[in-house]
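Here it is as structure tokens:
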């Protein structure tokens with residue numbers, strides 16, 4: 037039986053043409069947990085250049101959900117820092133980390149785009165590219181965006197596995213949102229305009245409207261996945277694509 | 257029970273995918289198609305263009321980032337004309353070139369510079385960023401049009417102002433001294449009729465540059481497959 041108070045969550049993750057053409061697995065991961073009016077959602081893009089990027093992406097998603105679901109929401113930012121440190125500690129001892137210290141973390145490089153929400157208040161936490169979008173209404177008159185952050189070169193970004201990851205960790209608060217979008221880099225180009233600060237409404241709003249109205253969660257997830265796998269989407273973005281949508285009210 | 261067809265047909269309606277906002281790398285081929293190119297040379301040039309089309313389309317990154325324009329220098333009236341207008345590599349179809357007439361390289365290069373400026377304006381108006389355009393000038397002879405020297409100077413100035421990068425390629429019979437007037441870099445000499453090898457190198461190079469991939473400089477220097485020296 038469905039819990040009427042539960043947050044509705046729809047997620048789709050697709051392997052991009054770049055990895056498909058090479059017979060490789062996708063490097064994106066995601067996790068989401070909810071309980072008693074709190075929801076924690078994370079997506080992560082494992083670096084294609086890193087040997088174990090997907091493991092790095094999986095660890096950060098799982099550890100953040102695990103830590104933040106038990107955390108005191110008033111100290112949520114400190115708890116995000118603690119969760120990332122927890123994931124890093126685990127990866128230092130991972131069997132595939134040959135150095136068994138921080139030097140080996142580069143092989144697990146991954147980005148972080150997450151959100152925690154409770155009682156009408158939420159916060160995005162973010163390292164690297166990808167994006168978070170909070171819509172206050174279905175017409176997007178008011179939005180809060182956690183923007184991608186890239187380095188000097190277009191293909192360079194930041195990872196939680198870097199030594200100076202705390203310098204790249206950004207928090208963006210939001211309140212009274214209707215719905216959230218979390219996405220990896222493969223989707224960002226569709227959801228945000230070229231300046232990466234403004235919403236591409238033609239992409240975000242139809243998805244939001246459809247998911248708000250679709251009550252069959254399996255059908256919603258399939259439609260979202262099919263949409264991200266259209267030939268045009270694949271042609272325009274060769275990256276893996278993960279998009280998580282959370283209905284908050 | 258839902259069948260497989262229904263599962264794959266489910267789609268969110270009215271979703272718009274913003275047109276490719278990838279940074280573009282414009283690439284112009286200025287090709288000498290004068291009478292001296294008749295026979296095997298023009299055949300090999302066309303085979304090379306086909307190879308370029310295939311290679312670029314198969315490269316997932318280059319296909320959406322590289323834009324191609326082909327200008328041919330040929331004709332009795334020393335004409336330069338667009339053989340294939342600006343197009344994303346994914347939509348590029350190699351034109352079939354025919355040989356005949358003279359070699360108006362000056363007019364062809366002038367047209368290339370004009371088309372580049374217009375395309376850069378278009379990028380700006382659409383908010384699309386771009387890398388420095390490349391011009392590949394390929395000839396088996398020497399310029400025959402009046403005033404080609406001014407066009408060559410225009411070309412040099414554009415390079416000095418970092419508006420464009422010009423590579424001059426001479427095939428057998430080319431006047432390398434005159435070709436050198438168009439580029440800040442010494443012209444390269446194509447071995448025999450290795451157009452296909454040249455265009456494959458071009459595709460890989462422009463792909464590499466379009467991605468700002470590491471070691472792009474090394475690849476650009478790796479011209480053994482087609483360069484005589």
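Residue numbers (the working numbering), protein chains in the order written: chain A, 37 to 285; chain B, 257 to 485. From the three backbone atoms N, C-alpha and C, an ideal C-beta is built for every residue, glycine too. The model shown is predicted, which means the values in this text are computed figures rather than measured ones.
{"Check": "Could you check which residue in B:395, B:387, B:437 has the C-alpha nearest to that of residue 406 of chain B?", "Outcome": "B:437"}
{"Check": "Determine the direct distance from the alpha carbon of residue 283 of chain A to that of residue 312 of chain B, and round the result to whole angstroms.", "Outcome": "42 Å"}
{"Check": "Helix, strand or coil for residue 111 of chain A, going by three-state DSSP, please let me know.", "Outcome": "helix"}
{"Check": "Can you give, in chain order, each stretch of the alpha helix (DSSP H) that sits fully within the stretch 283–365 of chain B and has at least 4 residues?", "Outcome": "296–314, 316–321"}
{"Check": "Compare the C-beta of residue 396 of chain B against all C-beta atoms of chain A and say whether one is closer than 9 Å.", "Outcome": "no"}
{"Check": "Using a 10 Å radius around the Cβ and a threshold of 16 neighbouring Cβ atoms, would you call residue 166 of chain A buried or exposed?", "Outcome": "buried"}
{"Check": "Should the stretch 200–210 of chain A be regarded as contacting the stretch 57–68 of chain A, the criterion being three or more beta carbon pairs within less than 8 Å?", "Outcome": "no"}
{"Check": "Quick one: complete beta strand (DSSP E) runs, 3+ long, within the stretch 416–459 of chain B?", "Outcome": "421–426"}
{"Check": "Under three-state DSSP, which class holds residue 186 of chain A?", "Outcome": "strand"}
{"Check": "Would you tell me roughly how many angstroms separate the C-alpha atoms of residue 216 of chain A and residue 169 of chain A, rounded to the nearest one?", "Outcome": "6 Å"}
{"Check": "Run the CB neighbour count on residue 416 of chain B, radius 10 Å, all protein chains shown included, and call it buried at 16 or more, exposed below.", "Outcome": "exposed"}
{"Check": "For chain B, is any of its Cβ atoms less than 9 Å away from the one on residue 247 of chain A?", "Outcome": "yes"}
{"Check": "Measuring alpha carbon to alpha carbon, tell me which residue in B:425, B:366, B:400, B:430 is nearest residue 412 of chain B.", "Outcome": "B:366"}
{"Check": "Is the beta carbon of residue 427 of chain B closer than 9 Å to that of residue 500 of chain B?", "Outcome": "No answer is possible for residue 500 of chain B: the residues shown for chain B start at 257 and end at 485."}
{"Check": "Closest to residue 275 of chain A by CA distance: which of A:50, A:42, A:45 is it?", "Outcome": "A:50"}
{"Check": "Using DSSP with H/G/I as helix, E/B as strand and the rest coil, what is residue 81 of chain A?", "Outcome": "strand"}
{"Check": "Tell me, please, whether the CB atom of residue 259 of chain A is closer than 9 Å to any CB atom in chain B?", "Outcome": "yes"}
{"Check": "If you compare alpha carbons, which of A:70, A:99, A:72, A:118 is closest to residue 80 of chain A?", "Outcome": "A:99"}
{"Check": "List the DSSP bridge partners of residue 295 of chain A.", "Outcome": "It is not possible to answer for residue 295 of chain A, since the shown part of chain A is limited to 37 through 285."}
{"Check": "Can you tell me whether residue 105 of chain A is helix, strand or coil according to DSSP?", "Outcome": "helix"}
{"Check": "Is residue 126 of chain A helix, strand or coil by DSSP?", "Outcome": "helix"}
{"Check": "Under 8 Å Cβ-Cβ, which residues of chain B neighbour residue 242 of chain A?", "Outcome": "268, 269, 270, 271, 272"}
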